[in-house]
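Reviewing the structure listed below.
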Amino acid sequence: MKFGLWTANGALNSKPVFTAFAKGIEKLGYQYVINKPSDIEVIWSVLWNGRMQRNKIIWDRCQKEKKSIIVLEVGCLYRGTTWKIGVNGVNSKAYFGPKGNDSKRATELKLYAKDRNLQDGDILYAGQHQKSGQWMNENHATSHLHTSISEIRKYTGKKIIIRPHPRSKLKINLSQYANVELQNPNKIIGTYDDFDMHFTNVSAVINWSSNPGVIASLAGIPVFVGPDSLAYNVSNTAWKNICNPIVFDRTQWLNDLAYTEWTIPEIETGFPLKRLTSGLI
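Its first residue numbered 0, the sequence shown is counted upward by one per residue in numbering that gives the first Met the number 0.
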């Protein structure tokens, strides 16, 4: 089995992750090539924008040929320290290895699911990049926002805060809605690309399939996410529950989530890749 590492299409912070992944490949006795087609392609992110835009060509080719593709991506558990590694995606559509895991790794990572921390508060809609492959298309992003606001308004007049992705401008006129407020995320000083989640006074988070849904679930905030989200198994699905969300047991969800992201030293050992080999075709 030979892997093709498409380092030229990676974000600036992808270099150490690609390097670690290459070491892991060698540890397992496999081979790799750089920026050349191979048996198993390895790309950075499913955001078809900027440096990563050319990855869409590789992705589409693998989809057409029914070939597996490994996606490396920034993690959300400990951003800048843990990194996602999945087959055919970065959310619930991806394969991250066997499920039904025990609590060992979650404990090692000091990862805990907090109790619900607020009975009342605003509703936060956390957007994601409209050019991400996590959407079916860019219109899906806009329609999801419209639908979410409209459905929420059937059950409550509470304030809805719309926080767009920091690198994706909002394509919607919010003046048509009452008690809906735009709130731009703030970059955390001294970080590469970290922005505050700012969950203060938030009673529920709406998201389609990106990191805010997962982070909110860990923080004890009820979420309403799409089926592609890694938080879907602990998500509310009925809008009528927006003011009285179901509280889920997140134990097994947390245990499995802990096996979706890895540190650089762990990636170098080849263990994260070894967990994925049963899902490669």
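All residues carry an ideal CB built from backbone N, CA and C; glycine is no exception.
Going by alpha carbons, who is nearest to Glu-107 out of Leu-76, Ala-125, Gly-126, Gln-129? For the purposes of this step, residue 107 is taken as the residue at position 108 of the sequence shown. The shortest C-alpha separation from Glu-107 is found at Leu-76.
Using a Cβ-Cβ cutoff of less than 6 Å, which residues in the same chain neighbour Val-222 once the five nearest sequence positions on both sides are dropped? As a first step, residue 222 must be located in the sequence shown, where it is residue number 223. Here the set comprises Val-204, Gly-212, Ala-215, Ser-216, Ala-230, Ser-234.
Helix, strand or coil at Ala-125 according to DSSP, with G and I counted as helix: Residue numbering aside, residue 125 sits at position 126 when the sequence shown is read from its first letter. In the structure shown, Ala-125 sits in a strand (DSSP, three-state: E or B).
Ignore the nearest five residues each way along the sequence and tell me which others in Tyr-176's own chain have a CB closer than 8 Å to its CB. Locating residue 176 in the sequence shown gives position 177, where the first residue counts as 1. Counting only Cβ-Cβ distances below 8 Å, and skipping sequence neighbours, we find Ile-148, Arg-152, Ile-159.
In terms of residue numbering, what span does the alpha helix (DSSP H) encompassing Ile-214 cover? Against the sequence shown, residue 214 aligns to sequence position 215. From DSSP, the alpha helix (DSSP H) with Ile-214 extends over 210-217.
Can you round the beta-carbon distance between Ser-208 and Ser-228 to whole angstroms, since I take them to be within the 8 Å contact cut? Taking the sequence shown and counting its residues from 1, one reaches residue 208 at position 209. Taking the sequence shown and counting its residues from 1, one reaches residue 228 at position 229. At roughly 4 Å, the Cβ-Cβ gap stays under 8 Å, so Ser-208 and Ser-228 are in contact.
Mapping DSSP to helix, strand and coil, what is Tyr-31? The residue given as residue 31 occupies position 32 in the sequence shown. Correct three-state label for Tyr-31: strand.
Just to confirm, is the Cβ distance from Glu-260 to Thr-81 under 8 Å? For the purposes of this step, residue 260 is taken as residue 261 along the sequence shown, with counting starting at 1. For the purposes of this step, residue 81 is taken as residue 82 along the sequence shown, with counting starting at 1. Going by C-beta atoms, Glu-260 is nearer than 8 Å to Thr-81.
Proximity below 8 Å, CB of Val-41 to CB of Gly-3: Position 42 of the sequence shown holds residue 41. Position 4 of the sequence shown holds residue 3. In contact: Val-41 and Gly-3 (Cβ atoms closer than 8 Å).
In three-state DSSP terms, what is Leu-110? Position 111 of the sequence shown holds residue 110. Of the three classes helix, strand and coil, the one that applies to Leu-110 here is coil, per DSSP.
Could you check which residue in Leu-272, Tyr-154, Ser-13 has the C-alpha nearest to that of Gly-74? Residue 74 sits at position 75 when you count from the first residue of the sequence shown. The option with the nearest alpha carbon to Gly-74 is Ser-13.
Enumerate in chain order the residues of its own chain whose CB-to-CB distance from Ser-44 is below 6 Å, with the five nearest sequence positions on each side excluded. Looking up residue 44 in the sequence shown gives position 45. Excluding positions up to five away in sequence, the list reads Met-51, Glu-72.
Considering only their Cβ atoms, is the gap separating Trp-238 from Gly-132 smaller than 8 Å? Residue numbering aside, residue 132 sits at position 133 when the sequence shown is read from its first letter. Residue numbering aside, residue 238 sits at position 239 when the sequence shown is read from its first letter. For Gly-132 and Trp-238, no; Cβs fall outside 8 Å.
Among Ala-140, Val-32, Thr-155, which has the Cα closest to the Cα of Leu-169? Taking the sequence shown and counting its residues from 1, the one referred to as residue 169 is at position 170. Among Ala-140, Val-32, Thr-155, the Cα nearest to that of Leu-169 belongs to Ala-140.
By the 10 Å Cβ neighbour count, where 16 or more other Cβ atoms means buried, how is Ile-33 classified, buried or exposed? Counting from one through the sequence shown, the residue named residue 33 turns up at place 34. Ile-33 comes out exposed.
When you compare only the Cα positions, how much space is there between Ser-102 and Thr-18? The count along the sequence shown starts at 1 and reaches residue 102 at position 103. The count along the sequence shown starts at 1 and reaches residue 18 at position 19. Straight-line Cα distance between these residues: approximately 29 Å.
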